[in-house]
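Working notes, structure below.
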Ligand code: PGA
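In our numbering, the protein residues as written are 2 to 257.
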């Protein structure tokens with residue numbers, strides 16, 4: 002049984018004061034949930050205060066949006082996994098399409114980060130997804146397979162337990178145009194079959210695969226009801242605590 006995992010990727014949004022107000026409101030709106038794993042993924046600057054704030058709110062976990070693969074050193078402007086661990090960060094998004102497209106991250110770079118995160122006790126949320134052009138040209142399967150195979154190269158079978166995959170079709174991110182539940186489910190089946198090839202079928206059955214791309218209260222329940230969709234990576238709709246709380250409710254409803 003894979004516990005569903007809902008993560009709000011705040012991207013480059015929310016100051017410390019705004020993050021405080023957000024958590025206050027999210028807790029008021031949601032109460033508490035143990036059926037769904039909830040993760041907040043703020044900017045680095047907000048992590049220390051949020052870590053302290055969430056100390057007594059165990060149902061909300063903390064994530065980061067990126068990290069460097071080295072533990073320390075002369076890498077101006079970078080943050081390491083060791084630094085994140087010291088702040089009780091549990092999850093780290095790696096290979097988000099914005100990092101790939103705007104900051105030149107290749108599958109090889111993402112792979113270094115995945116291995117470093119696992120070594121340092123963090124759980125990677127490895128993002129993969131095809132562009133509209135790749136989908137239209139019929140290259141989707143090949144693109145996803147390559148992102149998984151290279152992204153997970155050298156990851157041991159034992160480490161697969163700490164891994165989350167986020168399937169985020171690039172054409173659905175920030176566009177308001179989500180993949181429909183069938184399209185998403187099909188992609189998730191494909192991803193699970195590639196995971197089985199690079200690990201084994203028992204392990205692949207246990208890896209959680211999130212869907213991301215214009216998830217909102219209007220489509221969350223149907224998406225989360227699909228057999229192979231194990232949660233969501235939420236961007237825009239995760240910036241408002243009331244809306245994110247509604248997505249949590251929709252996900253709980255999908256479990257019923
Ligand atoms: P969106 O972003 O929900 O705003 O489409 C998703 C993401 O980038 O993780």
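Using N, Cα and C, we set each Cβ at its ideal position, and we do this for glycine too.
Using CA atoms only, rank isn't needed, just tell me which of 159, 160 and 127 is closest to residue 147. For the purposes of this step, residue 147 is taken as residue 146 along the chain shown, with counting starting at 1. The residue with the shortest Cα to Cα distance from residue 147 is 127.
Closer than 6 angstroms by C-beta to residue 162: which residues in its own chain qualify, once you throw out the five before and the five after it? Chain order, please. In the chain shown, counting from the first residue as 1, residue 162 sits at position 161. Excluding residues within five positions, none has a Cβ falling inside 6 angstroms.
Determine the extent of the beta strand (DSSP E) in which residue 93 is found, giving its start and end residues. Reading the chain shown from its first residue, position 92 is the one you call residue 93. Counting along the chain, the beta strand (DSSP E) containing residue 93 begins and ends at 92 to 95.
Report the rounded CA-to-CA distance for residue 23 versus residue 17, giving the unit in angstroms. Working through the chain shown from its first residue, we reach residue 23 at position 22. Working through the chain shown from its first residue, we reach residue 17 at position 16. If I take the Cα positions, the gap works out to 10 angstroms.
Between 183, 242, 37 and 185, which lies nearest to residue 15 when the distance is taken from Cα to Cα? Against the chain shown, residue 15 aligns to sequence position 14. Comparing Cα-Cα distances from residue 15 to each of 183, 242, 37 and 185, the minimum goes to 242.
Take the Cβ of residue 157 as the centre, count every other Cβ of all protein chains shown within 10 Å, and call the residue buried at 16 or more, exposed below. Mapped onto the chain shown, residue 157 falls at position 156. Residue 157 should be labelled exposed.
Flag this pair as touching only if the region 214 to 233 and the region 185 to 195 have three or more C-beta atom pairs under 8 angstroms; answer yes or no. Yes, the region 214 to 233 is in contact with the region 185 to 195.
Can residue 77 and residue 246 be called in contact, C-beta distance under 8 angstroms? Taking the first residue of the chain shown as position 1, residue 77 is located at position 76. Taking the first residue of the chain shown as position 1, residue 246 is located at position 245. Going by C-beta atoms, residue 77 is not nearer than 8 angstroms to residue 246.
Selection from 252, 2 and 8 that minimises the alpha carbon distance to residue 236: Taking the chain shown and counting its residues from 1, the one referred to as residue 236 is at position 235. Comparing Cα-Cα distances from residue 236 to each of 252, 2 and 8, the minimum goes to 8.
Around the C-beta of residue 211, are 16 or more other C-beta atoms found within 10 angstroms, so that it is buried, or is it exposed? Here the question's residue 211 lines up with position 210 in the chain shown. Classification of residue 211: buried, given that the 10 Å Cβ count is 16 or more.
Please state if the CB of residue 47 and the CB of residue 20 are separated by a distance shorter than 8 angstroms. Indexing the chain shown from 1 puts residue 20 at position 19. Indexing the chain shown from 1 puts residue 47 at position 46. Against a cut-off of 8 angstroms, the Cβ pair of residue 47 and residue 20 comes out as a contact.
Three-way DSSP call (helix, strand, coil) for residue 202 in this model: Here the question's residue 202 lines up with position 201 in the chain shown. Three-state result, residue 202: helix.
Which one of 175, 206 and 208 has the shortest CA to CA distance from residue 216? On the chain shown, position 215 is the one that residue 216 refers to. Answer by Cα proximity: 175.
Local Cβ density within 10 Å of residue 33, reported as buried at 16 or more and exposed below that: The residue given as residue 33 occupies position 32 in the chain shown. Residue 33 is exposed by the Cβ-count criterion.
Reduced DSSP category for residue 166 - H, G, I as helix; E, B as strand; rest coil: Position 165 of the chain shown, counting from 1, holds the residue named residue 166. Residue state, collapsed to three classes: strand.
I'd like the list of long-range same chain contacts for residue 26, defined as Cβ closer than 6 angstroms, with 5 residues on each side in sequence excluded. Taking the first residue of the chain shown as 1, we reach residue 26 at position 25. For residue 26, where only same-chain residues beyond five positions count, the Cβ hits under 6 angstroms are 242.
Distance between beta carbons of residue 224 and residue 182, contact taken as under 8 angstroms: Residue mapping note: residue 182 aligns to position 181 of the chain shown, counting from 1. Residue mapping note: residue 224 aligns to position 223 of the chain shown, counting from 1. Between the beta-carbon of residue 182 and that of residue 224 there is about 5 angstroms, and that keeps the pair under the 8 angstroms contact cut.
Taking just the CA atoms, how far does residue 204 sit from residue 125? Looking up residue 125 in the chain shown gives position 124. Looking up residue 204 in the chain shown gives position 203. Cα to Cα, the separation comes out at about 16 angstroms.
I'd like the span of the alpha helix (DSSP H) that includes residue 221, first residue to last. Counting from 1 along the chain shown, the entry for residue 221 is found at position 220. Residues 218 to 225.
Taking 8 angstroms as the limit between beta carbons, can you name the residues of its chain near residue 49, skipping five residues before and five after? Numbered from its first residue, the chain shown carries residue 49 at position 48. Once the five neighbours on either side are set aside, the close Cβ partners of residue 49 are 88.
Using only the alpha-carbon positions, how far apart do residue 131 and residue 170 sit? Position 130 of the chain shown, counted from the start, is the residue given in the question as residue 131. Position 169 of the chain shown, counted from the start, is the residue given in the question as residue 170. In a straight line, the C-alpha of residue 131 is about 5 angstroms away from that of residue 170.
List the endpoints of the continuous beta strand (DSSP E) containing residue 64. Residue mapping note: residue 64 aligns to position 63 of the chain shown, counting from 1. Start and end: 61 to 65.
What's the gap between the Cα of residue 10 and the Cα of residue 145? Counted from its first residue, the chain shown places residue 10 at position 9. Counted from its first residue, the chain shown places residue 145 at position 144. When rounded, the distance between both Cα atoms is 21 angstroms.
Rounded to the nearest angstrom, what separates residue 151 and residue 172 at their Cα positions? As a working mapping, residue 151 is identified with position 150 in the chain shown. As a working mapping, residue 172 is identified with position 171 in the chain shown. Cα to Cα, residue 151 sits roughly 22 angstroms from residue 172.
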